[in-house]
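Straight run, no breaks: the sequence shown in my numbering ends on number 279.
Glycine included, each C-beta is placed from N, C-alpha and C at the ideal position.
All values reported here derive from a predicted model rather than from experimental measurement.
The structure under discussion appears below in the form of C-alpha cells.
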Amino acid sequence: MQMNTLAGKVALVTGSGRGIGRSVGLKLASVGAHVVVNDLDEEPARAVVAEIREAGGMAAACAGSVTDDDFAERFVRTAVENYGGIDVIINNAGYTWDNVIQKMSDEQWHAIIDCHLTAPFRILRAAYPVIKEAATADAAAGRSVNRKIVNISSVSAGGNPGQINYSAAKASVIGLTKTLAKEWGRLKVNVNAVAYGHIETRLTQPVDGEVKTVNIEGREIRVGISSQIVEQSKSMIPLGRPGTPDEAAGAVYMFCIPESDYVSGQLLVCGGGIGSV
Ligand SMILES: NC(=O)c1ccc[n+]([C@@H]2O[C@H](COP(=O)([O-])OP(=O)(O)OC[C@H]3O[C@@H](n4cnc5c(N)ncnc54)[C@H](O)[C@@H]3O)[C@@H](O)[C@H]2O)c1
C-alpha cells in the first residue's frame with residue numbers, strides 16, 4: 003500500500019524534467035506532494051507534470067533556467083499561487099562542463115558556479131519570506147511543522163581531475179547546506195545535502211568514440227563517459243554497479259519524510275558504498 007507520507011506538502015524540484023530530478027518529482031508526488039516541476043527545457047518539464055497528473059497526483063510546471071535573474075522569484079511565486087506555500091525544496095538542476103584548470107575559461111567557471119551554487123542560494127533566499135511567514139503562523143497556532151531542503155552535491159566535491167568548477171560548486175553547496183541548517187533551525191527547517199556517486203542518467207551515459215552534446219542555454223555541452231571509465235568506476239563501487247535515478251531519488255526522499263525531522267545539516271553519500279566526499 004502506498005502511504006501518503008507527504009500528503010498536501012508543496013515540493014519544488016529544480017531540473018526535474020529528466021534524470022534524478024524527474025525521479026524525485028515522481029516519488030514525492032506519489033506520496034501526496036504537490037510538485038512544482040522545473041527544467042531548462044519546457045517540453046520535458048511539461049511531460050513530467052502530465053505523468054504526475056495521469057497518476058492522480060498534482061503538479062505545475064515552471065520552466066526556465068535556474069540561472070535567470072528572475073527565476074527564483076518566479077519559482078517561489080508558482081508554488082505560492084498554485085498551492086499556497088512551500089514545504090520542500092530540492093536544488094537538483096545541473097550539468098557538468100569539464101576541463102583541466104589550464105584550459106578552463108572564465109565563462110566555463112562561472113556557468114557551473116552559477117548553476118550549482120548561486121542558483122540554490124537565490125532560490126533559498128527568495129523562499130525565506132514564505133517559509134518565515136508559515137513558520138510564524140505554525141508557531142502561533144501551536145502546530146509543529148518541519149520544512150525540508152535538500153541540496154544535491156556530488157562525490158566530485160572531494161576532488162575530481164577535470165572538474166575544478168563542478169567540484170568547487172558541489173563542495174560549496176555542502177557549506178551552504180550546513181550554514182542554512184544553523185540559520186533556519188529556529189524556523190523548523192531541515193537542511194541537508196545528498197552527494198551522488200555514479201547514477202545512470204543523460205549526464206553519465208556511456209559514449210564510445212562519438213561525441214554527444216546537449217544544448218544548455220545556447221551552448222553545446224559534452225555529455226557521457228567512455229565505457230572504459232564506466233567499467234573502472236563500477237570496479238570501485240562496493241555494490242558493483244551504478245545507481246538508477248529512482249534509487250537516487252530514494253536518498254532525497256529519506257530527508258523529506260517526518261522520520262528525519264531531527265536530522266539537519268548532514269551530507270548523505272548515495273554512491274553504492276563509495277565512502278565519503
Ligand atoms: N548522474 C550522476 O552520476 C550524478 C552524480 C553526482 C551528482 N549529480 C547531480 O545530480 C543532479 C541531476 O543530474 P542528472 O544526472 O539527473 O542529469 P540529467 O542531465 O539527467 O538531468 C538534469 C536536468 O537538469 C536540467 N538543467 C540543467 N541545467 C539547468 C538549468 N540551468 N536550469 C534548469 N534546469 C537545468 C537539465 O535540462 C536536465 O533535465 C545534478 O546537479 C548533477 O550534478 C549527478
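*Compute the beta-carbon to beta-carbon distance between Cys272 and Gly242, rounded to the nearest angstrom, for a pair I have assumed lies under 8 Å.*
Stepping through the sequence shown from its first residue, residue 272 is reached at position 270. Stepping through the sequence shown from its first residue, residue 242 is reached at position 240. About 15 Å separates the two Cβ atoms, so there is no contact after all.
*Every unbroken alpha helix (DSSP H) within the region 55-100, with a cutoff of 4 residues, ordered by chain*: 73-85
*Count the CB pairs spanning the region 132-141 and the region 70-88 that are closer than 8 Å, and state whether there are at least three.*
yes
*asked:* Tell me which residue opens and which closes the alpha helix (DSSP H) that Ile154 is part of.
replied: If you number the sequence shown from 1, residue 154 lands on position 152. Unbroken run through Ile154 is the beta strand (DSSP E), Arg149 to Ser156; no alpha helix (DSSP H).
_Could you tell me the alpha carbon to alpha carbon distance between Lys29 and Ala251, rounded to whole angstroms?_
Residue numbering aside, residue 29 sits at position 27 when the sequence shown is read from its first letter. Residue numbering aside, residue 251 sits at position 249 when the sequence shown is read from its first letter. Approximately 7 Å, taken between the alpha carbons.
_Can you tell me where the beta strand (DSSP E) holding Ile223 begins and where it ends?_
Taking the first residue of the sequence shown as position 1, residue 223 is located at position 221. Per DSSP, Ile223 belongs to the beta strand (DSSP E) from Arg221 to Val225.
_Suppose contacts are defined by Cβ-Cβ distances below 8 Å. Is Pro247 in contact with Arg24 by that definition?_
Mapped onto the sequence shown, residue 247 falls at position 245. Mapped onto the sequence shown, residue 24 falls at position 22. Contact: yes.
*Beta-bridge pairing of Val12 - partner residues as DSSP gives them*: Residue numbering aside, residue 12 sits at position 10 when the sequence shown is read from its first letter. His36, per the DSSP bridge assignment.
_So, under 8 Å CB-CB, Ala183 and Gly267 are touching, yes? Tell me the CB distance rounded to an integer number of Å._
Sequence index remark: in the sequence shown, residue 183 carries index 181 (1-based). Sequence index remark: in the sequence shown, residue 267 carries index 265 (1-based). Indeed, because the Cβ distance is near 3 Å, the residues count as touching under 8 Å.
_Tyr264 to Pro163 span [Cα, whole Å]_ = Here residue 264 is taken as the residue at index 262 of the sequence shown, counted from 1. Here residue 163 is taken as the residue at index 161 of the sequence shown, counted from 1. Going by the C-alpha atoms only, they are around 36 Å apart.
_Cutoff 7 Å; reference Asn6; Cβ partners in own chain excluding five residues on either side_ = On the sequence shown, residue 6 is found 4 positions in, with the first residue counted as 1. Once the five neighbours on either side are set aside, the close Cβ partners of Asn6 are Val33 and Gly34.
*asked:* Is Leu42 a contact residue of ligand 1, with contact defined as CB to any heavy atom under 7 Å?
replied: By 1-based counting over the sequence shown, the position of residue 42 is 40. Correct: Leu42 has its Cβ closer than 7 Å to ligand 1.
*Look at Ile125 and Ile88 and say whether their C-beta atoms are less than 8 Å apart.*
By 1-based counting over the sequence shown, the position of residue 125 is 123. By 1-based counting over the sequence shown, the position of residue 88 is 86. Their beta carbons are not under 8 Å apart, which means Ile125 does not touch Ile88 by this criterion.
*In its own chain, which residues sit with a C-beta less than 7 Å from the C-beta of Ser174, not counting the 5 before and 5 after it?*
Within the sequence shown, residue 174 is the residue found at index 172, counting from 1. Once the five neighbours on either side are set aside, the close Cβ partners of Ser174 are Leu119.
*For Leu189, the first and last residue of its enclosing alpha helix (DSSP H)*: Here residue 189 refers to the residue found at position 187 of the sequence shown. Careful: Leu189 lies outside any alpha helix (DSSP H) and carries neither H nor E.
*Measure the alpha-carbon distance for Asp70 versus Pro46 and round it to whole angstroms.*
Mapped onto the sequence shown, residue 70 falls at position 68. Mapped onto the sequence shown, residue 46 falls at position 44. Rounded to whole angstroms, Asp70 to Pro46 spans 19 Å at the Cα level.
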